[in-house]
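Input: a single structure, listed below in structure tokens.
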Ligand code: 86X
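In the numbering used here, the protein residues as written are 4 to 739.
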């Protein structure tokens, strides 16, 4: 009953929100009146830029046009579309989506480039069942909008025939508030800057209603307002329903992940898209990772420091290759209070350009080398792809290490020492198997000489994921920043540099690797609580004697370094507590009641494989200590077996695409040529988009790494794709 009411309330809230979200534009009635005697001719056709411009001129619209290189994606558009006629914040370059629903209708959405437009959100906003909204087909783009993929813009809506107008609903993102809107005139080598109001008028005049849409989660249910705020009634307090994850990991992985990290109290959502709150349960995992890695790097002479959060435009742009391709992601501070800053300053996306001027000052002679500095900080990268907590977020925590050396060999050693520490963080601490390797030319950090990486794959969705990277920067940065030193012969030399980073993504990878249908499963080495102790008290028992004994056992365990907690609160019954701590992934549960007490024993349950057994008092300490190590190993082995099962070899494209589609990480003999990699990516992308398959359209294959350990290629091995001579074996995967 309670559940039922709460669900209905939720529904009402949802619908109310929905009505607020999608409001008919207020201009509508006014425009209707204003234009009632001048409704536009129906069935116009705009086929190209010239016709579009002519059309705007005929309608006496003020606008201007800028030509540019072809911009096939929003990202490219943001980089290439420029004007000096108005300032950056006076216009919005938009992303446009043409979608179809199962009922045969279409949605056209013009969104702010930073708004979320993932299918999960769209299904929620349009009350659609998962999978019912998809990208429209290429031939529908043609027959409805008369436009090629990549050039879709609201202008193409003017091509709708009268008979089609009722089939297509147009939505303009509420986040578009600028005076001007920047959209392609039927072709993406050119952009028209037009007043947003003028565009709305034009569309309305053509009998296309403009609905405004708020691209935001309709509601966020967190454990705090879902489960915990409802005082548990004993009868309902079975530890299921409100607390538990509502779907299986294999059923709907994205939903499973989102519920697992919120209900386990790792993450809370935040009102700014792409930013999340790390609650103590996840932050303390980060602290354990920090402690482990920090100790390791200090052993090889790295020192911690802290550099400022801000970077000037001049410094940021000093090394071209470094910023190239990244610039749309840089977040800028442009104001203080109401006043514009004379020189806007960027928030660090990474700190090469912040640290290296200091390196240049500090390094004079070969005796000053090596310099090895690390900092634990936050960074901001304003990503446009779908954010996912831990995995891809706009602000994240990391360590970034930067070193300078007098020889290339010393820099090489530094790069690989760090890579080995990263492997240990993942394999030994997080129990996640990884593959150390080198990035291909395409995938390496452009500002550097070569990039090493550890990679893994999430077996549930088959996506490859970069876990951490360690770069040899060569002398690129030392040239630009003049990091020079005098060698033994007093000759000026340029330093050799490295940089390396590990982020809070590691927590997300760990959750995805080990979690199960009941929620988190934490490897003992990172579990904030390793053994949760729950008293089982019935009305006949003396609660104090049971609780006291548990506290005594807990104290003993603490004294040998086990992280324990006695959950003796009276608020919840044991069943609720079991589910709660299971969901939070605590590796060991110790149950203790009157029956156990009579036999001088406790009952132990393992989170990972659900095994249950008893243990006598005097054996508890050694048993728990061993068990934690056993669970750690068992979890690693299980993850490793699953990864192996989904790792295969392919020797031609047909084998390759089958395996990639079947969520495998694929090792192939390869020519190691840049263009070949690009062609593979394109062919895979086309193969999926032809299918119009939602789940797969986002998936493209890319190289993960050239593994450091690989068996030698056989005589005469050919590249699996272009059939030139194979030079290496490379791992491919679907990409995040
Ligand atoms: C690349 C390189 C490197 C130190 C690491 O991978 C480890 C730690 N840095 C990071 N990278 C950028 O250089 C970059 C630059 C800008 Cl301006 C940006 F907006 C985003 C970036 N993302 C990654």
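Cβ coordinates follow ideal geometry from the N, Cα and C atoms, glycine included.
Item, Value
"Within the present structure, is the beta-carbon of residue 450 separated from the nearest heavy atom of ligand 1 by less than 8 angstroms?", "yes"
"List the residues that DSSP assigns as beta-bridge partners of residue 732.", "672"
"Less than 8 angstroms between the CB of residue 403 and some heavy atom of ligand 1, yes or no?", "yes"
"Assuming contact is defined by CB atoms lying nearer than 9 angstroms, are residue 204 and residue 80 in contact in what I supplied?", "no"
"Considering only C-alpha positions, which residue in the set 710, 176, 85 is nearest to residue 331?", "85"
"Going straight from the alpha carbon of residue 374 to that of residue 570, what length do you get?", "48 angstroms"
"Helix or strand or just coil, what does DSSP make of residue 488?", "strand"
"If you measure between the beta carbons of residue 259 and residue 518, is that distance less than 9 angstroms?", "yes"
"What does the Cβ neighbour count give for residue 309, buried or exposed, with the cut at 16 atoms within 10 Å?", "exposed"
"So what does DSSP say about residue 3, is it helix, strand or coil?", "Residue 3 falls outside the range modelled here, since the chain spans only 4 to 739, and no answer is possible."
"For a quick check, are the C-beta atoms of residue 593 and residue 498 less than 9 angstroms apart?", "no"
"Judging by CA-CA distance, which residue of 193, 479, 493 is the nearest neighbour of residue 51?", "193"
"Quick one, are the C-beta atoms of residue 318 and residue 356 less than 9 angstroms apart?", "yes"
"Is residue 329 near ligand 1, going by C-beta to nearest heavy atom under 8 angstroms?", "yes"
"Can residue 472 be considered in contact with ligand 1, in the sense that its beta carbon sits closer than 8 angstroms to one or more heavy atoms?", "yes"
"What are the start and end residues of each continuous beta strand (DSSP E) run of 3 or more residues lying completely inside the stretch 271-358, in chain order?", "279-281, 313-315, 335-339, 342-350"
"Distance, Cα to Cα, residue 662 vs residue 161?", "43 angstroms"
"Can you find a heavy atom of ligand 1 that lies under 8 angstroms from the Cβ of residue 333?", "yes"
"Tell me the residue span of the alpha helix (DSSP H) that contains residue 577.", "577-586"
"Using the DSSP secondary-structure output, state which residues sit across from residue 497 in a beta bridge.", "487"
"Cα separation between residue 311 and residue 655?", "50 angstroms"
"Whole angstroms is fine: what's the gap from residue 367's alpha carbon to residue 410's?", "15 angstroms"
"If I follow the unbroken alpha helix (DSSP H) through residue 385, where does it start and stop?", "Neither: residue 385 is in no alpha helix (DSSP H) and is coded neither H nor E."
"Given a threshold of 16 other Cβ atoms within 10 Å of its Cβ, counted over all protein chains shown, does residue 328 qualify as buried or as exposed?", "exposed"
"In chain order, which beta strand (DSSP E) runs of at least 3 residues are fully inside the stretch 419-476?", "438-441, 453-461"
"With a CB to CB cut of under 6 angstroms and the five nearest residues on each side skipped, what residues in its chain are close to residue 645?", "462"
"Between residue 374 and ligand 1, is there a pair consisting of the residue's CB and a ligand heavy atom that are separated by less than 8 angstroms?", "no"
"Measuring straight from C-alpha to C-alpha, what distance separates residue 27 and residue 175?", "Low per-residue confidence applies at residue 27: pLDDT is 35, beneath 50, and the placement is therefore not dependable, though the value from the model is reported in the following sentence. C-alpha separation (whole angstroms): 10 angstroms."
"Indicate whether residue 703 and residue 684 have their beta-carbon atoms separated by less than 9 angstroms.", "yes"
"To which residues of the same chain is residue 117 closer than 8 angstroms at the C-beta, ignoring the five residues directly before and after it?", "178, 276, 385, 387"
"Hey, quick one: how far does the beta strand (DSSP E) through residue 508 stretch, first residue to last?", "Counting along the chain, residue 508 falls outside any beta strand (DSSP E), though it belongs to the alpha helix (DSSP H) covering 508-517."
"Could you tell me if residue 3 is buried or exposed, where buried requires 16 or more neighbouring beta carbons within 10 angstroms of its beta carbon?", "The chain is shown from 4 up to 739; residue 3 falls before or after that span and cannot be answered."
"Relative to the C-alpha of residue 525, which candidate in 568, 629, 434 has its C-alpha closest?", "434"
"In chain order, which continuous runs of the beta strand (DSSP E) of length 3 or greater are located wholly inside the stretch 81-168?", "94-96, 98-104, 109-114, 136-138"
"What span of residues does the alpha helix (DSSP H) with residue 208 cover, start to end?", "199-208"
"Could you please give the first and the last residue of the uninterrupted beta strand (DSSP E) stretch that includes residue 538?", "534-539"
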